[in-house]
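Novice:
In structure tokens, the structure reads:
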């Protein structure tokens with residue numbers, strides 16, 4: 008059960024490399040990802056994205072950021 012969640016993010020990449028290059032290249036990439044523990048990065052990335060999405064939902068989303076420039080209310084010729 009846990010192994011599925013560790014391998015699930017890599018399966019799409021595995022299928023893509025398999026179709027574009029070869030099965031050997033896909034297996035090499037999957038094994039190198041497992042040995043480098045890159046699946047842990049996916050876990051932290053998912054948690055961070057979830058945190059910021061929930062913060063946006065709770066706080067009401069984006070707000071106005073003042074830049075000091077006024078709104079363009081008059082038309083000017085391009086040339």
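Numbering (the numbering used here), first residue to last: 8 to 86. Quick reminder that beta carbons are idealized off the backbone N, C-alpha and C, glycines included.
With a CB to CB cut of under 7 Å and the five nearest residues on each side skipped, what residues in its chain are close to residue 17?
Specialist: 37, 40, 46
Novice: Could you tell me which of 82, 26, 44, 56 sits nearest to residue 13, measuring between CA atoms?
Specialist: 44
Novice: Kindly indicate which residue of 54, 49, 83 has the alpha-carbon position closest to the one of residue 15.
Specialist: 49
Novice: Is residue 53 buried or exposed, if buried means 16 or more other CB atoms sit within 10 Å of its CB?
Specialist: exposed
Novice: For the alpha helix (DSSP H) that residue 28 lies in, which residues bound it at each end?
Specialist: Looking at the DSSP string, residue 28 is not in any alpha helix (DSSP H), and its letter there is neither H nor E.
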